[in-house]
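**Q** As they're listed, the protein sequences go chains A and B. 185 is the number of the first residue of the first sequence in our numbering; add one for each residue after it. 185 is the number of the first residue of the second sequence in our numbering; add one for each residue after it. Glycine included, each C-beta is placed from N, C-alpha and C at the ideal position.
There are 2 protein chains.
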Amino acid sequence: MNLYSANSLKVELNQRGCRLTPQRETILSVFQNLRQGNHLSAEELYNILHNQREKIGLSTVYRTLHLLARIGILRELELAEGHKHYELNLPDMHHHHHHLVCIQCHKTFEFSDESILKIGKKQVEKAGVELLDCQLTVRAVCLEALREGWPSMVPSNWSCPRSHSEMEDEIS
Amino acid sequence: MNLYSANSLKVELNQRGCRLTPQRETILSVFQNLRQGNHLSAEELYNILHNQREKIGLSTVYRTLHLLARIGILRELELAEGHKHYELNLPDMHHHHHHLVCIQCHKTFEFSDESILKIGKKQVEKAGVELLDCQLTVRAVCLEALREGWPSMVPSNWSCPRSHSEMEDEIS
DNA sequence: TTGCTTGCAAAAATTTTGCATCTAG
DNA sequence: CTAGATGCAAAATTTTTGCAAGCAA
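(1) Taking Cβ positions only, does ARG250(B) come closer than 9 Å to chain A?
(2) Whole angstroms are fine: how far does the CA of LEU233(A) sit from the CA of SER336(A)?
(3) Between the stretch 281 to 309 of chain A and chain B, which residues of the former have a C-beta closer than 7 Å to a C-beta of the latter?
(4) In whole angstroms, what is the alpha-carbon distance linking GLU262(B) and ARG219(A)?
(5) According to DSSP, is HIS283(A) part of a helix, a strand, or is it coil?
(6) Does the Cβ of LEU212(B) lie closer than 8 Å to at least one heavy atom of the ligand ADP?
(7) Over the uninterrupted beta strand (DSSP E) stretch that includes THR292(A), give me the two end residues.
(8) Ignoring anything shorter than 4 residues, give me the alpha helix (DSSP H) runs that lie fully in the stretch 321 to 348 of chain B, in order along the chain.
(9) Return the chain-ordered list of same chain residues with a C-beta closer than 8 Å to the C-beta of LYS310(A), the five sequence neighbours on each side being excluded.
(10) Taking the Cβ atom as the reference point for each residue, do GLY312(B) and LEU327(A) lie within a distance shorter than 9 Å?
(11) Name the one or two DSSP bridge partners that ARG259(B) has.
(12) Enumerate in chain order the residues of its own chain whose CB-to-CB distance from ALA329(B) is below 6 Å, with the five nearest sequence positions on each side excluded.
(13) Starting from the C-beta of ILE211(A), find all residues in its chain whose C-beta is less than 6 Å away, skip the five residues before and the five after it, and write them out in chain order.
(14) Within 10 angstroms of the Cβ of HIS282(B), are there 16 or more other Cβ atoms? Answer buried if so, exposed if not.
(15) I want to see whether chain A comes within less than 9 Å of PRO335(B), judged by CB atoms only; does it?
(16) Might you give, ordered along the chain, the residues of its own chain that have their beta carbon closer than 6 Å to the beta carbon of GLU271(B), omitting 5 neighbours on each side?
(17) Just how far apart, CA to CA, sit ALA190(A) and VAL245(A)?
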């Protein structure tokens, strides 16, 4: 599962006049160890690092997330929760996936579909630009919310009873 | 092009115990008059309203955008510019479209592909949830940025020389 | 009337930046 | 050494909220 070794990261960075610092290495390793299907916000990553007794400033976290996303190592997800989430970018057909998210409780499901990347590649070619990422986001309302009588009966902060088991230090 | 009349908006709102206010009507009309392919952030919408001498508070703008997106009248776009954008949600095959965006200069291209909505519908059915929106976002780097030597040679605030003609009061 | 809405200002949440200091190459 | 990176605190951006007053149904 080690898709980017510290060394290949170093090469990537040095090619662009950037440096491999312990902070960057640590942050990448958090993503490497994240179980498939999870993604982190800057704040969540920062908390994980703190739980691991790593001293990395929040601004460094933000700067590193940007850098790695720009390089193409991370993928930026916009799941409409008020902040971006990040995950490893695995552009090969095998790992490439997309998201279905409930706009009420933010539960997310992953799915794969090879034809999407093909469509993205076609468009990119037509526009004469270079592909970085291609993600389908399906917004929906979950069964539980519908059962509660969404949308009229569901207060905007309502969330599935069971869905409160999330993140913070979810490294497998 | 009048897809939602004031009256059908009223019905939609009243069904959910909400009211049709002049502010909501005005905001919807801005989107109706926006030329196809444009989308607005809360701030941009607020400015347009001001230019039209409408007195609508920024919080009302935010509240209305949320409401209309929740109802399914607007579509929330996440084009990675630091804030959400909104456009009319036209879920029929004919108007449904997707976005290709340059992460460097934020230029966006629209495209249609019927198979995407089909994929979304399939996933939604499988997950047993109700579809609200289905959008493919392709992130790429534009030709101009590549020519400048992206990524190593391009400062992160660089933008295509010509691409500075945007928004603010772009109503056609 | 009643309870949903608004506008304002204040607060919250998220992200960015300036700068002195540190460090990878 | 030297340009890039860090950490902190301060600032900027974007969005949300409390509350008194207004207005749609």
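**A** Taking the structure as given:
(1) The sequence shown places His at residue 250(B), rather than the Arg named in the question. Yes, HIS250(B) counts as interfacial toward chain A.
(2) 40 Å
(3) LEU284, CYS286, ILE287, PHE293, PHE295, ASP297, SER299, ILE300, ILE303, GLY304, GLN307 and VAL308
(4) 25 Å
(5) strand
(6) In the structure shown, the ligand ADP is absent, as is every other ligand, since no ligand is present at all.
(7) 292 to 295
(8) 327 to 331
(9) none
(10) yes
(11) GLU271(B)
(12) GLN288 and VAL338
(13) THR248
(14) buried
(15) yes
(16) HIS223 and ARG259
(17) 17 Å
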